[in-house]
C-alpha cells in the first residue's frame, strides 16, 4: 500500500511576496485553500511564506522563495490501488507544474518521494537481517533500517530505504515492511552538469510507479535489485 507521495521542487529564488506571483499561484491552484503571511524583508529565503491544503486535508502545499513542496497522504480508499494513487498524484503535480510555469519559475533540483507499507511481508526484520544486512549477533535485534542508493539512466539518484515498523491489522499488533523511495535528478544536474526542468516531474513519477512490490519482494528474496527486469 502507498501511504504518501511527496514532491520537492527546489527553485532558483522567486519572490512570493510579489502580489502578482501569489495571485497567479492562487488562480492556478484552486483545489488548495492557500494562506500567505508577510515576513520581514531580511527573512531567509528558505522560510515558508505560503501554505495550503485541499478541502479534505489529504494534500498540502508549502512555498518558500526557493522551494515548492507538495505532500499527498492517502487513506484506506486509495491504499490498495496503486494506479489510483499515482493518477491522483499526477493530477496534483500537473496543476503545480502549470502554476510554476505561469510565474516563470526556474528549477535547481526535482525529487519525488513515496512511502510504501507492505504488510504482506510477515517477518520483515528477519528478511532484512538475513538477506540484506546479513548481521550475526547473539543480541536481540529490534529494528533494522538500510538505505540503497543507485544511479538510473545516468541522470537520477534512486534511493530505497527499507525498515521494519509496527503495524496493526485485524489480527493484532505485528510488523510490516516500510519502503521509502526517493528519486531525484541531483546526479544529472550536479555530477553531469545538466539542467533540471519541470518537465522531468512526470518522468520521475513514472520511475516511482515502476518500482513495484514485486521488485521489492525480489530484492528481499534474492538480494538482487533490478529496476527494469523484476
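Residue numbers (this note's numbering): 630 to 859. Ideal placement from N, C-alpha and C gives every residue a C-beta, glycine not left out.
Buried/exposed call for residue 795, threshold 16 Cβ in 10 Å: Result: exposed.
- request: Tell me, please, whether the CB atom of residue 672 is closer than 8 Å to any CB atom in chain D?
  value: Considering every chain present, this structure includes no chain D. It has just one protein chain.
- prompt: Beta-carbon separation of residue 744 and residue 840 under 8 Å?
  reply: no
- prompt: Do you know offhand how far residue 634's Cα is from residue 720's?
  reply: Using only the alpha carbons, I get a separation of about 13 Å.
- prompt: Looking at the unbroken alpha helix (DSSP H) that takes in residue 847, where does it start and where does it end?
  reply: Per DSSP, the continuous alpha helix (DSSP H) segment holding residue 847 begins and ends at 842-851.
field: Residues that DSSP places opposite residue 663 in a beta bridge
entry: Answer is 681, bridged to residue 663.
message: Please report the straight-line C-alpha distance between residue 711 and residue 665, rounded to a whole angstrom.
response: A straight-line Cα-Cα distance of about 33 Å links residue 711 and residue 665.
field: Three-state class that DSSP yields for residue 738 in the structure shown
entry: strand
- prompt: Counting along the chain, where does the beta strand (DSSP E) carrying residue 797 start and finish?
  reply: 785-798
task: Give me whichever residues DSSP pairs with residue 688 in a beta bridge.
output: 701
message: Short of 8 Å in beta carbon distance, which residues of its chain neighbour residue 818, apart from the five on each side in sequence? Order them along the chain.
response: 737, 738, 824 and 825
Rounded distance between the beta-carbons of residue 644 and residue 694, thought under 8 Å: 6 Å
- prompt: Do residue 806 and residue 741 come within 8 Å of each other at the CB atom, strictly closer than that value?
  reply: Cβ distance not < 8 Å, so residue 741 and residue 806 don't count as in contact.
query: Between which two residues does the beta strand (DSSP E) containing residue 637 stretch?
result: That run of the beta strand (DSSP E) goes 631-640.
- request: Counting only the same chain and skipping the five closest in sequence on each side, list residues whose C-beta sits under 8 Å from that of residue 687.
  value: 701, 702, 703 and 704
- prompt: Are residue 877 and residue 732 touching if we call contact CB-CB under 8 Å?
  reply: Because the chain spans 630 through 859 in this model, residue 877 falls outside it and cannot be assessed.
field: Euclidean distance between Cα positions of residue 766 and residue 747
entry: 26 Å
message: Looking at residue 661: is its Cβ nearer than 8 Å to the Cβ of residue 690?
response: yes
query: How far does the alpha helix (DSSP H) with residue 648 in it reach, from first residue to last?
result: 648-657
- prompt: Which class does residue 820 belong to by DSSP, given the choice of helix, strand or coil?
  reply: helix
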